[in-house]
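Have a look at the structure below, then the notes.
Residue numbers (UniProt numbering): 1 to 78.
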């Protein structure tokens with residue numbers, strides 16, 4: 001039984017171990033991007049940095065919470 005368990009464990013470890021596959025995937029991806037002329041590093045360095053302005057979510061959350069509390073109270077007191 002121990003030998004079977006060990007063999008199964010080794011087989012699973014071999015299947016899951018993807019270091020080589022990951023390296024090959026990265027190399028192939030880089031090669032394809034180079035061929036089509038995409039320079040990811042220069043595009044990322046030119047990307048704007050900072051926070052994105054958004055709506056004030058605090059008001060929406062509190063009104064949503066209030067609504068949920070009302071619904072919960074209605075369920076408790078039919």
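For glycine and all other residues, C-beta sits at the position ideal for the given N, C-alpha and C. Computed from a predicted structure; not experimentally measured.
Expressed to the nearest angstrom, what Euclidean distance is found between the alpha-carbon atoms of residue 71 and residue 53?
-> C-alpha separation (whole angstroms): 32 Å.
Three-state secondary structure assigned by DSSP to residue 50 | Of the three classes helix, strand and coil, the one that applies to residue 50 here is coil, per DSSP.
Pull up the distance between the alpha-carbon of residue 73 and that of residue 50, whole angstroms please.
-> Cα to Cα, the separation comes out at about 42 Å.
What is the DSSP secondary structure of residue 64, counted as helix, strand or coil?
-> The three-state reading of DSSP puts residue 64 in helix, counting H, G and I together.
Could you please give the first and the last residue of the uninterrupted alpha helix (DSSP H) stretch that includes residue 16?
-> That run of the alpha helix (DSSP H) goes 2-16.
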